[in-house]
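Just below is one structure, and these are the notes that go with it.
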Amino acid sequence: MKGAIDIVNQARTEELEDERILTIAEEEKNKYQMPESNISNMVYESKMMTKVIDLVREIYVEFDSDSIGRATRMVLEEDVNHRLKPHEVAKQVIAILNEELVKPKRKATRRTPASKNICDYITDDN
């Protein structure tokens, strides 16, 4: 009887040890796994970098790919929503490489009047 209990206890101990090993392995896997959003950002950055390097190197052969890549990363860090087109990024990269000030893109303004009542715009100054 004691031998059977020892066998059951041994099996239970091995089972707990296996569960602990699997838990540790899962934690290790999760520790090094990259979030999905980072992967999509890296893909976007890589594609944009390739296009920008090609665009800039067509005209400015004196710049190497490393410096173009660094400048591209600087521009893409500001473009959080990925709204810039490759030629817009290339313009900003060229400006950075030429050490010019980069003008920020103008914000859209309302073209319609704030009020439809004409009396709001007439003054009695005359």
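Quick note on the working numbering: the sequence shown kicks off at -10 and runs consecutively. Glycine included, each C-beta is placed from N, C-alpha and C at the ideal position.
Report yes or no: do three or more beta-carbon pairs, one from the segment 45 to 53 and one from the segment 77 to 90, lie closer than 8 Å?
yes
Checklist entry - With respect to the alpha helix (DSSP H) encompassing Glu16, which residues constitute its N-terminal and C-terminal limits? => result Lys(-9) to Tyr21
In chain order, what residues of the same chain lie with their CB nearer than 8 Å to the CB of Val45, ignoring the 5 residues before and after it? The residues are Phe52, Ile57, Ala79, Val82, Ile83 and Leu86.
Buried versus exposed call for Ala0 [16 or more other C-beta atoms within 10 Å across all chains shown] = exposed
Using a threshold of 7 Å, state whether the C-beta atoms of Met38 and Thr61 are closer than that.
Cβ distance < 7 Å, so Met38 and Thr61 count as in contact.
Exercise for review: Check whether the Cβ atoms of Glu34 and Leu65 lie closer than 7 Å to each other.
Suggested key: yes
Expressed to the nearest angstrom, what Euclidean distance is found between the alpha-carbon atoms of Glu88 and Glu16?
For Glu88 and Glu16, the distance between alpha carbons rounds to 46 Å.
Quiz prompt | Segment limits, alpha helix (DSSP H) that includes Glu67 | solution = Ser54 to Glu67
* Closer than 6 Å: Glu17 CB and nearest the ligand SAM heavy atom -> The ligand SAM is not part of the structure shown, which contains no ligands of any sort.
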